[in-house]
Structure formats: structure tokens, C-alpha cells
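K.L.:
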Amino acid sequence: MQDLSDQEFMLLSDFIYHTCGIVVREDKKYLITQRLGPLAQQAGCKTFGDYYRKLKEEEANEQNRLKIIEAITTNETSFFRDEHPFEAIRSNILPSLFDTLKKQKTQGPFQNLKLRIWSAASSTGQEPYTLAIIVRELLQNCVGNSISSSDIRILATDISCAVLARAISGKYNEIEISRGLNDEHKKKYFRKEGTQWHIIDSIKEMVEFRQVNLVKPFSAIGTFEFIVCRNVLIYFDDKTKSRILNQFYDMLTPGGFLVLGAMENTYCLTDKFSSLRFGKTIVYAKQ
């Protein structure tokens, strides 16, 4: 594969922006070389210019777009990643939502009343499984609780079928299991088989996985009380960020919460949310 020229970079970065909404700046040129190079070779192209021309010829091919988004974005994740957002979830967000659900359940026989949580970029599953663990522990610590795990629905989505398959398997290696989990968590929620750690079925069953592309309209998947979308908006231009955030707002029920990544916010993108601070974590609320 020949080296990426400046002109090829401009052509491909422009193509990625207009078809995927992802901005690849000049200081990220290596992303195209390292991550699109293998795709170009798989397509039988000898140069990045050949690959660009092939992409333009097949511009309507949705699979090409999905492969590019999957290649450019990272799947970096871990259990309880960054810790402090999950402390806010454990200590503030979920207790508030639990209280709301309890009050709603006392107002009438709502058989289908649920607390719906969406992990919008779940990667290989560590984030939604972390949420499931926190939910389980909160429910276990509430004496005489009127809600159970069957009242909680956790939806986990990602654009990549490959990472979703890994998430659904619930299997992690020694390095992945050592990042963010303490010994008690490993003992209670995982079982070791050979070199792999398997998350227990009662936690797996709390999470539903589905493929969703955030670049396309996604409001049809339903409404939620709590949305987690961390370290995804950083890849998109402001127009795409704004559209995604406004869809999140519309999909949240009144009193619902949104948690973004540490480097992400709603500033100059939408004025619909109110912001709250819980410790080190900024949380966005729909009033």
C-alpha cells in the first residue's frame, strides 16, 4: 500500500465528513493510514486514491459507511470507566429514578411500567454490564423494595456488529477483567473458565443488545429515563452532535438524565437540557 498523500487525505477526510459526519483533522492523519489502509487492501486497492474512487463509485453502499465509522472510531472501554460517573449514577441518578418509579407504581396498576436505561455506545459491553451490576446492588440493598430487576430495562447499542457479538458473549480476558473491577465484583458477577471470565447469566439477562447507527435517525427505538453516551460525540462535527443531542432530549421522559463523556458537553449545541453537578460529574437533565 502506497503512503497517503496530502491530496488523498483531503479527499478521504472530506468523504468521511460528508458521508459519516465524522471529522478527521490533519493531526489525526494517521487514523486514515492505520485504520482505512486495511479496508483499502481488502477492497483490492493499491493506493488510497484508488480506494477513494471506489468509495465514490459505491457511495450508496451502506456497508462501506459502517466499515469506515467502525474503523475510525475507537472501542476503548472498561468496567466502571473513569469511576466518578458511575459513582454519580450509583449515588444520585439511579436512586432518584428508583424513587420516581416507586411513586408511579403506587398510583395505579401499571403492568408495563419500566425504568429504561440506554447505553448508546456500548462497545464490547463493559459499560452496560457495569450499569446492570450497579442496578443489582442497589436493588439488593433496598429492604422492602417495591421494584425488582424485572422493572429495569437496559438497552445497549453500538454501530459495530463485531463488538456487539463480543458484548453478547459476555466473555473477557484477564486484562479486561482487571480494569475497573475489584475482587468482590469478580467473585460475585463472573465465573472463570480457562483464560476467560464469563459474566453471570443473571447480569447478562438484564441487558439487551442491538445495532444502532447514531448518525442516522434513531428515535424509533423508544423513550428512556436515563441515557449514557460517553466518548462518542467527540468524533462528530457540531451539526451532527446537535442533532444527536436533540434526539436524546426528545427521547428522554420528563425528569430523565443524560451522561456524556468527560470531554463532551452540550455547550453551543443545544439549550434544552439543564445541567447538574454530582461530585466530578456533570449530568444533563430534562425538566
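The numbering used here numbers the first residue of the sequence shown as 904 and each following residue consecutively.
For every residue, glycine included, the Cβ atom is placed at its ideal position computed from N, Cα and C.
1) Take Thr-1003 and list the residues in its own chain whose beta-carbon comes closer than 7 Å to its own, dropping the five residues that flank it on each side.
2) Who are the near neighbours of Thr-1169 in its chain, counting only those whose CB is closer than 7 Å to its CB and skipping five residues on each side?
3) What are the partner residues of Val-1131, as DSSP defines its beta bridges?
4) Can you name the start and end residues of the alpha helix (DSSP H) that Gln-937 belongs to?
5) Tell me which residues share the same chain as Phe-982 and place their Cβ nearer than 6 Å to its Cβ, disregarding the 5 neighbours each side in the sequence.
6) Identify the continuous beta strand (DSSP E) that holds Phe-1112 and give its terminal residues.
7) Count the other C-beta atoms from every protein chain shown that fall within 10 angstroms of the C-beta of Thr-1126, then say buried if there are 16 or more, exposed otherwise.
8) Would you give the residue range spanned by the beta strand (DSSP E) that Phe-951 belongs to?
9) Using a Cβ-Cβ cut-off of 7 Å (strictly less than) and excluding sequence neighbours within five positions of Val-1066, which residues of its own chain qualify?
10) Between the C-alpha atoms of Phe-912 and Arg-956, what's the straight-line distance to the nearest angstrom?
11) What separation, rounded to the nearest whole angstrom, lies between the Cα atoms of Pro-1031 and Ile-925?
12) Between the stretch 1049-1065 and the stretch 945-961, can you find at least three pairs of beta-carbon atoms closer than 8 Å?
13) So what's Ile-1106 in DSSP terms, helix, strand or just coil?
14) Where do the ends of the alpha helix (DSSP H) carrying Lys-1090 lie?
15) Using 8 Å as the threshold, is the C-beta distance between Thr-1156 and Gln-1114 below it?
16) Can you list, in chain order, the residues of its chain with a C-beta nearer than 8 Å to that of Glu-1111? Leave out the 5 residues immediately preceding and following it.
17) What whole-angstrom Cβ distance do Lys-970 and Leu-942 have, given they're in contact under 8 Å?
18) In the structure shown, what three-state DSSP assignment does Asp-1174 receive?
19) If you measure between the beta carbons of Lys-1008 and Leu-1016, is that distance less than 8 Å?
20) So Arg-993 and Leu-1041 are supposed to be a Cβ contact under 8 Å. How far apart are they, rounded?
21) Within its chain, find whatever has a CB closer than 8 Å to the CB of Gln-1150; leave out the 5 residues flanking it on each side and keep chain order.
22) With a CB to CB cut of under 7 Å and the five nearest residues on each side skipped, what residues in its chain are close to Tyr-1152?
23) With distances taken between CB atoms, is the gap from Phe-1181 to Ile-1020 smaller than 8 Å?
24) In terms of DSSP beta bridges, what is Ile-1055 paired with?
25) Using a 10 Å radius around the Cβ and a threshold of 16 neighbouring Cβ atoms, would you call Asn-1134 buried or exposed?
26) Go through its chain and collect everything with a Cβ distance to Phe-950's Cβ below 7 Å, but skip five positions before and after it.
27) From Gly-1073 to His-1101, what does the alpha carbon distance come to, in whole angstroms?
28) Would Ser-1022 and Val-1131 qualify as a contact pair, given that the criterion is a beta-carbon distance under 8 Å?
P.N.:
Judging by the given coordinates:
1) Gly-1158
2) Leu-1148, Phe-1176 and Tyr-1187
3) Ser-1022 and Val-1162
4) Looking at the DSSP string, Gln-937 is not in any alpha helix (DSSP H), and its letter there is neither H nor E.
5) Gln-1029, Thr-1033, Gly-1083 and Leu-1084
6) 1110-1114
7) exposed
8) Looking at the DSSP string, Phe-951 is not in any beta strand (DSSP E); the run it does join, the alpha helix (DSSP H), is 951-960.
9) Asn-978, Ser-1026 and Thr-1027
10) 13 Å
11) 24 Å
12) no
13) helix
14) 1086-1092
15) no
16) Arg-1056, Ile-1057, Leu-1058 and Ala-1059
17) 6 Å
18) coil
19) yes
20) 7 Å
21) Pro-1120, Phe-1121 and Ser-1122
22) Thr-1173, Lys-1175, Phe-1176 and Lys-1189
23) no
24) Leu-1018
25) buried
26) In the sequence as presented, Phe is not what sits at residue 950; that position holds Thr. Excluding positions up to five away in sequence, the list reads Gln-905.
27) 6 Å
28) yes
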